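J.: Reminder that position 82 of the sequence shown reads as 62 in my numbering, one-by-one numbering, no gaps.
Virtual Cβ for every residue (Gly too), placed ideally from N, Cα, C.
Remember, predicted model here, so these are calculated numbers, not experimental data.
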Amino acid sequence: MANSNRSRLLLVGFGFAAFLAMNSFSLWGFSTLPQRAFGAGAASLWCSSMMMGNVASFFMYALAAALVPKAFDRRPFPEAAGLLFAGIVLLLGFYLTDAEAMLFASGILYGIGTTCCFICWEYVFALSVAEEARKQIILGSVLAAAPFLVYVLIDRQAVLLVMLLLAMLCLASLFACLRLPDTSGAGHETGIGSRSVVMKDTLVDLAPSLFCLAMIGLASTMLESGMVVETPSFIGRGFIVYGANIASAVVLAAAWGALHRSTSITKAFMVFYPLLITALLFFPFLQGDQRMAVVFMGTFGFTLFSVVMMMSCIDCAKRTGLSLAVAYPLSAGVLYAFHHLGSDIAGLMAGSSIPRESQAITAAFLLLYGCSLAVFLINGRSGAKRQASVVVPGSDIVSARCRLIAEENGFSERQSEVFDLLAHGHDIPSIARRLYISENTVRTHAKKIYASLEVHSKQDIIDLVNPTRPVA
């Protein structure tokens, strides 16, 4: 068993590392790499087309999976393979002909293919228990730094070959990983991809997390684009990006492994918020290379939340029944869209009449305002949940008797929840909405509860747990 878990960890970790290394060619702020390969003008066209394809496809896939689940609520591996190889073929055509139309089309296809790969890797991590999935992500994040040494040593002509090799390695490992047995222990009721979910209510619950991701995306690029006096060199950018990768892996390994703390997007934001606002307050007063420390903080936040987002979406899908093909593309789309929006805002500020140093102060205060709004949303939602959890006198007595009866009859956790709601007078549709499960699942649990308690209706259950009647 231990050898099997170790083999699974290595397979997923190495495959994910290959994907991250391939992805760093464009979407992780590593713009100097395409510039080194194609030249400044072509690099701008490649990156912009890649961004368009990637961000748009995230949102479109989430929408399609929500509206047409039979067609899109799945693992898009065939699309990922086809789009990546089509993008590389067109990129080769650009190398041979210098036709910018081929480069633009290549960037679009490559960006959409990258989106499909991200979704597939999310499904791979969902196949393992949370503890193993965290180890896989951390290992992949650390190992992704190794190909950077290859990029440093190779010349312009060999970049395409390295991209092709990484894409083949990524797809081969992804193909194998998607066929691994499901050891997550997620049952039918909380299975990923369940359609028995109130989409509006779930998206409202996700709103604070999405706002946090938006602010992290803005901060990571607004601190960098147009704010630093000198653009970091290829080597310097590599140390920032992969250094942030490794730093986030170390922090999460400590939180998940040593401290045994679960993390969510909002929890991580509340911890990261003091560090971020401290960096923003000092940012306008730093000069030249000193600002690189703040840039590193922004990049670190982006990589940290990229990892936390993957695990949070899996937890959300298992907890609420929201499809993973909706939860993850939506969250990633928000993060990447605002990541690129921050770059555009910084570019507009750089081209405006605002003095250079005033731009830094303006950016810092805009981000402080946005991050403070995110904290306000988190605290407001937490307060509302605490208030909703307060029960009226007598209701806690009914719940206590329900727990006692459930323990005496050996009810499962889900059966206990259904039993408690039945005792409080809820009908089948209401229970399904509250627990984010299907009505058929509620009926199945209700039948088992009726059989165990030898009752025949909801009213019998209400009478059974009535506080005036002693429990047998």
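Among L144, L107, I196, which has the Cα closest to the Cα of R159?
T.: Walking along the sequence shown from the start, residue 159 turns up at place 179. Residue L107 is the option with its Cα nearest to R159.
J.: Between which two residues does the alpha helix (DSSP H) harbouring D324 extend?
T.: For this step, residue 324 is matched to residue 344 along the sequence shown. First-last of the alpha helix (DSSP H) with D324: 304 to 330.
J.: Do you know how far the Cα of P49 is from the Cα of G237?
T.: By 1-based counting over the sequence shown, the position of residue 237 is 257. By 1-based counting over the sequence shown, the position of residue 49 is 69. Approximately 36 Å between the Cα atoms of the pair.
J.: Kindly indicate the opening and closing residues of the alpha helix (DSSP H) around H425.
T.: Residue numbering aside, residue 425 sits at position 445 when the sequence shown is read from its first letter. Run containing H425: 419 to 433, per the alpha helix (DSSP H) assignment.
J.: Suppose the cutoff is 7 Å on Cβ atoms and the five residues either side in sequence are ignored; what does the same chain contact list for A227 look like?
T.: By 1-based counting over the sequence shown, the position of residue 227 is 247. Counting only Cβ-Cβ distances below 7 Å, and skipping sequence neighbours, we find F280.
J.: Is the beta carbon of A234 less than 9 Å from the beta carbon of V287?
T.: To locate residue 234, count along the sequence shown from 1; it is residue 254. To locate residue 287, count along the sequence shown from 1; it is residue 307. No, the Cβ-Cβ distance between A234 and V287 is not below 9 Å.
J.: Pull up the distance between the alpha-carbon of V435 and that of T300, whole angstroms please.
T.: Within the sequence shown, residue 435 is the residue found at index 455, counting from 1. Within the sequence shown, residue 300 is the residue found at index 320, counting from 1. V435 and T300: Cα-Cα distance of roughly 30 Å.
J.: With a 10 Å radius around its C-beta and 16 neighbouring C-beta atoms as the bar for buried, classify G91 as buried or exposed.
T.: Here the question's residue 91 lines up with position 111 in the sequence shown. Buried: at least 16 other Cβ atoms inside 10 Å.
J.: Using a Cβ-Cβ cutoff of less than 8 Å, which residues in the same chain neighbour A45 once the five nearest sequence positions on both sides are dropped?
T.: Reading the sequence shown from its first residue, position 65 is the one you call residue 45. Counting only Cβ-Cβ distances below 8 Å, and skipping sequence neighbours, we find F52, D53, S303, A305, V306, P309.
J.: Using CA atoms only, rank isn't needed, just tell me which of F105, A110, F65, A380 is closest to G93.
T.: Reading the sequence shown from its first residue, position 113 is the one you call residue 93. That would be F65, whose Cα lies nearest to the Cα of G93.
J.: Rounded to whole angstroms, what is the Cα-Cα separation between E393 and I429?
T.: The residue you call residue 393 lines up with position 413 of the sequence shown. The residue you call residue 429 lines up with position 449 of the sequence shown. Each residue's Cα considered, the two are about 12 Å apart.
J.: Rounded to a whole number of angstroms, what is the C-alpha to C-alpha distance between F249 and M329?
T.: Within the sequence shown, the letter at position 269 stands for residue 249. Within the sequence shown, the letter at position 349 stands for residue 329. Distance between the alpha carbons of F249 and M329: 26 Å.
J.: How big is the Cα-Cα spacing for G418 and C96?
T.: In the sequence shown, the residue the question calls residue 418 occupies position 438. In the sequence shown, the residue the question calls residue 96 occupies position 116. It should be pointed out that residue 418 corresponds to Ser in this sequence rather than to Gly. In a straight line, the C-alpha of S418 is about 28 Å away from that of C96.
J.: Is the beta carbon of A472 less than 9 Å from the beta carbon of L347?
T.: This structure gives no information on residue 472, because the portion of the chain shown stretches from -19 to 452.
J.: Look up F391 in the DSSP assignment and say whether it is helix, strand or coil.
T.: Residue 391 sits at position 411 when you count from the first residue of the sequence shown. F391 falls in the coil class under three-state DSSP.
J.: Output needed for V178: all residues of its chain with C-beta closer than 8 Å, excluding positions within five of it in sequence on either side, in chain order.
T.: Along the sequence shown, one-based indexing puts residue 178 at 198. Confidence at V178 is low in this model, with a pLDDT of 48, below 50, so its placement is unreliable and the value that follows should be read with caution. Counting only Cβ-Cβ distances below 8 Å, and skipping sequence neighbours, we find R413, Y416.
J.: Assuming N(-15) contacts A125 under a Cβ cut-off of 8 Å, what Cβ separation, rounded to an integer in Å, is found between them?
T.: Indexing the sequence shown from 1 puts residue -15 at position 5. Indexing the sequence shown from 1 puts residue 125 at position 145. Going by Cβ atoms, the distance from N(-15) to A125 rounds to 24 Å, so no, they are not a contact pair.
J.: What number of angstroms, rounded off, separates the C-alpha of F38 from the C-alpha of F391?
T.: Residue mapping note: residue 38 aligns to position 58 of the sequence shown, counting from 1. Residue mapping note: residue 391 aligns to position 411 of the sequence shown, counting from 1. Roughly 41 Å separates the two Cα atoms.
J.: Can you give me the C-alpha to C-alpha distance between Q270 and F219, rounded to a whole angstrom?
T.: Along the sequence shown, read from residue 1 onward, the residue named residue 270 stands at position 290. Along the sequence shown, read from residue 1 onward, the residue named residue 219 stands at position 239. In a straight line, the C-alpha of Q270 is about 15 Å away from that of F219.
J.: Is it right to say S292 is buried, meaning 16 or more other beta carbons lie within 10 angstroms of its own, or is it exposed?
T.: Residue mapping note: residue 292 aligns to position 312 of the sequence shown, counting from 1. Buried, because 16 or more other Cβ atoms sit within 10 Å of the Cβ of S292.
J.: Please list, in chain order, all residues of the same chain as L(-9) whose beta carbon is under 7 Å from its beta carbon, the five residues on each side excluded.
T.: Walking along the sequence shown from the start, residue -9 turns up at place 11. Excluding residues within five positions, the ones whose Cβ falls inside 7 Å are S153, A156, C157.
J.: Under the three-state reduction of DSSP, which class applies to D295: helix, strand or coil?
T.: Within the sequence shown, the letter at position 315 stands for residue 295. Helix, per DSSP.
J.: When the Cα of V422 is compared with those of S432, A81, S410, M277, which residue comes out closest?
T.: Position 442 of the sequence shown, counted from the first residue, corresponds to residue 422. Minimum Cα distance to V422 is reached at S410.
J.: Roughly how many angstroms separate the alpha carbons of L353 and Y253, rounded to a whole number?
T.: Position 373 of the sequence shown holds residue 353. Position 273 of the sequence shown holds residue 253. Between L353 and Y253, the C-alpha separation is close to 11 Å.
J.: From D407 to T258, what does the alpha carbon distance come to, in whole angstroms?
T.: As a working note, residue 407 is residue 427 in the sequence shown. As a working note, residue 258 is residue 278 in the sequence shown. Going by the C-alpha atoms only, they are around 51 Å apart.
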